[in-house]
Amino acid sequence: MLSEKMMHLVPASLQGKEDILFGNLHELYTFHNEIFLKDLENCISTTELVALCFVQRRDTFYRLYSFYCQNIPRSDRLRETLVDTHLFLQECQKRLGHKLPLGAYLLKPVQRITKYKLLLENLLGSSDSGSCTKELQKALDCMLIVLRCVNDSMHQVAITGFPSNLSQQGELLLQDPFQVWTESKKDLRLRKKPQQRHIFLYQKSMIFCKKTSKPGHNKSTYQFKHQLKMSQIGLTESVRGDSTRFEVWLQGRQEVHTIQAPTDEVKNKWVTEIKRLLLNQLEELKGEKIKQYGMNHHGLRQTTSWDTPNILLGMPQRAVSCDASSESSNRNSNCSSSGDDAYPHGMPPPPATSGNGHAHVHGNGGGAGADKEQQEACGWSSDYSNSEDEMSIIEDNSAPVSNRGFDHDLERV
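Numbering-wise, full-length UniProt numbering puts 391 at position 391 of the sequence shown, and it's gapless, one number per residue.
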């Protein structure tokens with residue numbers, strides 16, 4: 001904090017902007033000096049306890065460094081775009097005799113995380129104890145997660161031109177560079193040449209960006225190009241002829257994006273994560289349907305709507321139910337006679353789960369044998385109807401099996 005005697009030397013463009021220039025640097029310093037340093041000093045004689053310090057403070061590391069790293073682009077713009085600010089900082093550097101500019105010192109906190117990682121790797125390499133090795137590996141994993149999150153946050157704040165709020169897209173899960181071919185039925189064109197895109201996978205959407213760099217700057221920005229909502233896409237896991245490719249597409253393949261990853265490992269990582277998101281969405285929608293059914297339908301009840309003849313008094317009676325459907329079923333009213341063990345009319349049976357963990361939903365036709373054959377042929381698939389009149393979950397047994405991989409179609413109800 002500058003004293004009042006020195007405040008007149010600060011240019012107007014910098015006054016009141018310490019939080020932008022330095023971010024939460026003071027909070028980082030306080031954490032290391034008053035908390036984490038004492039943790040390490042108390043545990044310095046035992047390697048396992050040193051490792052435990054990193055594990056226990058993982059959330060604090062992530063919170064502090066994520067905020068700091070997300071502020072770096074704002075600090076850079078403030079220092080580099082305003083002429084009087086730039087000249088003032090240069091003069092400060094000259095008078096103090098510093099060899100490096102302020103920007104280099106502001107990167108030191110980020111570099112500290114990398115040094116922690118190297119420290120833990122060295123300790124892990126020289127450890128012989130089994131229990132000690134386990135704790136060190138946990139600590140190293142924590143720092144790797146923090147590093148990844150910090151790296152993701154720095155990429156995220158570099159996205160420009162996005163028409164909405166990125167914070168509304170949920171957690172950032174993955175981000176990597178890809179080559180992308182786009183096919184759309186609207187313009188009936190297929191891009192023969194791939195486009196280089198940096199794709200960000202959030203919980204609620206995939207965001208396609210073009211990486212750009214300004215002359216004389218070593219920092220990159222990502223210009224927004226396209227967005228796909230996760231609630232509207234389908235997934236083809238494998239594309240024939242290239243193990244590094246997969247597809248994401250909209251309903252009816254109105255728009256198809258063929259995505260080529262730099263390696264098989266990156267491709268598999270993305271396919272696994274996208275599939276997990278689609279499965280989670282399916283489970284949420286199934287829960288919503290069951291809840292909605294309970295709100296809109298009457299349960300079975302024993303009723304008598306006519307005089308019962310005496311000759312039937314000795315016979316077991318059957319319940320007569322009247323199932324009044326909601327507006328979503330066009331106000332149809334279905335009356336049926338059923339036994340005590342009858343399933344509510346119109347309510348689909350609960351979804352089954354196969355032994356391999358794949359989710360299946362049952363249609364109206366075909367027996368157990370047909371279901372089994374379909375499951376073995378198609379692998380994992382989910383098809384959700386978006387009809388307002390009929391919102392039941394069905395398995396489309398008539399759909400052809402893709403010869404390029406497994407099609408995953410999840411459409412928002």
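Every residue, glycine too, gets a C-beta built ideally from N, C-alpha and C. Since the structure is predicted, the reported quantities are computational estimates derived from the model, not experimental observations.
Should Leu136 be labelled buried (16 or more other beta-carbon atoms within 10 Å of its own) or exposed? Mapped onto the sequence shown, residue 136 falls at position 136. Leu136 is buried by the Cβ-count criterion.
Gly234 - containing beta strand (DSSP E), residue span: What you label residue 234 is simply residue 234 of the sequence shown in a count that begins at 1. Element bounds for Gly234: Ile233 to Thr236.
Thinking C-beta only, is Cys132 closer than 7 Å to Thr60? On the sequence shown, position 60 is the one that residue 60 refers to. On the sequence shown, position 132 is the one that residue 132 refers to. In this structure, Cys132 does not lie closer than 7 Å to Thr60 by Cβ.
Of the residues Asp176, Lys193, Arg58 and Phe54, the one placed nearest Glu183, counting alpha carbons only: On the sequence shown, position 183 is the one that residue 183 refers to. In terms of CA proximity to Glu183, Lys193 leads the group Asp176, Lys193, Arg58 and Phe54.
So what does Cys209 bridge to, in DSSP terms? For the purposes of this step, residue 209 is identified with residue 209 of the sequence shown, where counting begins at 1. As computed with DSSP, Cys209 is found in a beta bridge with His198 and Phe224.
Whole angstroms is fine: what's the gap from Lys185's alpha carbon to Trp249's? One-based indexing of the sequence shown puts residue 185 at position 185. One-based indexing of the sequence shown puts residue 249 at position 249. Taking the straight line joining both Cα atoms gives about 11 Å.
Considering Cα atoms alone, identify which of Glu18, Asp19 and Asn151 is closest to Tyr65. Counting from 1 along the sequence shown, the entry for residue 65 is found at position 65. Selection Glu18, Asp19 and Asn151 evaluated against Tyr65 yields Asn151 as nearest (Cα-Cα).
Rounded to a whole number of angstroms, what is the C-alpha to C-alpha distance between Ala261 and Ser220? Looking up residue 261 in the sequence shown gives position 261. Looking up residue 220 in the sequence shown gives position 220. The alpha-carbon atoms of Ala261 and Ser220 are separated by roughly 20 Å.
Alpha carbon to alpha carbon, what distance is there between Gly23 and Ile35? Taking the first residue of the sequence shown as 1, we reach residue 35 at position 35. Taking the first residue of the sequence shown as 1, we reach residue 23 at position 23. One C-alpha to the other measures close to 20 Å.
I'd like the ranges of any alpha helix (DSSP H) spanning at least 4 consecutive residues and lying wholly in the UniProt domain "DH" (1-153). You should have 4-7, 18-22, 25-30, 37-42, 47-56, 58-81, 83-96, 102-106 and 108-125.
Nearest to Glu18 by alpha carbon, out of Met143, Ser167, Leu106 and Phe200? Here residue 18 is taken as the residue at index 18 of the sequence shown, counted from 1. The residue with the shortest Cα to Cα distance from Glu18 is Leu106.
Residue 414: first and last residue of the uninterrupted beta strand (DSSP E) it sits in: Residue 414 falls outside the range modelled here, since the chain spans only 1 to 413, and no answer is possible.
Nearest CA to the CA of Met230: which residue from Ile145, Asp187, Leu172 and Phe67? Stepping through the sequence shown from its first residue, residue 230 is reached at position 230. Cα-wise, what sits closest to Met230 is Leu172.
According to the Cβ coordinates, are Ser13 and Asp76 closer than 7 Å? Position 13 of the sequence shown, counted from the first residue, corresponds to residue 13. Position 76 of the sequence shown, counted from the first residue, corresponds to residue 76. At a Cβ-Cβ threshold of 7 Å, Ser13 and Asp76 do not count as neighbours.
Using the C-alpha atoms, what's the distance from Lys117 back to Leu144? Mapped onto the sequence shown, residue 144 falls at position 144. Mapped onto the sequence shown, residue 117 falls at position 117. Whole-angstrom Cα-Cα distance: 7 Å.
Given a threshold of 16 other Cβ atoms within 10 Å of its Cβ, counted over all protein chains shown, does Arg79 qualify as buried or as exposed? The count along the sequence shown starts at 1 and reaches residue 79 at position 79. Residue environment for Arg79: buried (at least 16 other C-beta atoms within 10 angstroms of its C-beta).
In three-state DSSP terms, what is Gln260? Against the sequence shown, residue 260 aligns to sequence position 260. Three-state result, Gln260: strand.
Asp264 and Thr236 closer than 7 Å at C-beta: For this step, residue 264 is matched to residue 264 along the sequence shown. For this step, residue 236 is matched to residue 236 along the sequence shown. In this structure, Asp264 keeps its C-beta atom at 7 Å or more from the C-beta atom of Thr236.
From which residue to which residue does the beta strand (DSSP E) around Arg253 run? Translated into the one-based positions of the sequence shown, residue 253 becomes position 253. In this chain, Arg253 is not harboured by any beta strand (DSSP E), its DSSP state being neither H nor E.
Can you give the Cα-Cα distance for Arg240 and Val180, rounded to whole angstroms? Counted from its first residue, the sequence shown places residue 240 at position 240. Counted from its first residue, the sequence shown places residue 180 at position 180. One C-alpha to the other measures close to 16 Å.
Could you check what DSSP says for Arg276 in three-state terms: helix, strand or coil? Position 276 of the sequence shown, counting from 1, holds the residue named residue 276. In this structure, Arg276 counts as helix in the three-state DSSP scheme.
Beta-bridge pairing of Asp242 - partner residues as DSSP gives them: Taking the sequence shown and counting its residues from 1, one reaches residue 242 at position 242. Per DSSP, Val239.
Which listed residue (Pro101, Lys115 and Ser126) has its alpha carbon closest to that of Leu89: For the purposes of this step, residue 89 is identified with residue 89 of the sequence shown, where counting begins at 1. In this structure, Pro101 is the residue among Pro101, Lys115 and Ser126 with its C-alpha nearest to the C-alpha of Leu89.
Using three-state DSSP, classify Lys193 as helix, strand or coil. The count along the sequence shown starts at 1 and reaches residue 193 at position 193. Residue state, collapsed to three classes: coil.
Residues near Ala158 by beta carbon distance below 6 Å, same chain, minus five either side: For this step, residue 158 is matched to residue 158 along the sequence shown. So the qualifying residues of the chain are Thr221 and Tyr222.
Between Gly161 and the rest of its own chain, which residues show a CB-CB distance below 8 Å, the 5 nearest in sequence each way excluded? On the sequence shown, residue 161 is found 161 positions in, with the first residue counted as 1. Once the five neighbours on either side are set aside, the close Cβ partners of Gly161 are Gln223 and Phe224.
DSSP three-state assignment for Lys289, whether helix, strand or coil: Walking along the sequence shown from the start, residue 289 turns up at place 289. If DSSP states are grouped into helix, strand and coil, Lys289 belongs with the helices.
Look at the Cβ atom of Leu120, then the Cβ atom of Ala139, and state whether they are nearer than 7 Å. The residue labelled residue 120 in the question sits at position 120 within the sequence shown. The residue labelled residue 139 in the question sits at position 139 within the sequence shown. Result yes, Cβ atoms of Leu120 and Ala139 sit closer than 7 Å.
Identify the residues that DSSP records as bridge partners of Glu283: which are they? For the purposes of this step, residue 283 is taken as the residue at position 283 of the sequence shown. Glu283 pairs with nothing; no bridge assigned.
Relative to the C-alpha of His226, which residue among Gly252, Gln196, Phe246 and Ile290 is closest? Position 226 of the sequence shown, counted from the start, is the residue given in the question as residue 226. Of Gly252, Gln196, Phe246 and Ile290, the smallest CA-CA separation from His226 is found for Gln196.
Bridge partners of Glu265, per DSSP? Locating residue 265 in the sequence shown gives position 265, where the first residue counts as 1. Note: Glu265 sits in no beta bridge, so no partner.
Integer Cβ distance of Arg174 from Leu201, believed to fall under 8 Å: Within the sequence shown, residue 174 is the residue found at index 174, counting from 1. Within the sequence shown, residue 201 is the residue found at index 201, counting from 1. Looking at the sequence itself, residue 174 is Leu, so the reference to Arg does not match. About 4 Å separates the two Cβ atoms, so the contact holds.
Buried or exposed: where does Asn310 fall if 16 or more other Cβ atoms within 10 Å of its Cβ makes it buried? For this step, residue 310 is matched to residue 310 along the sequence shown. The pLDDT assigned to Asn310 is 43, lower than 50, so where the model puts this residue is not dependable, and the model offers no usable value.
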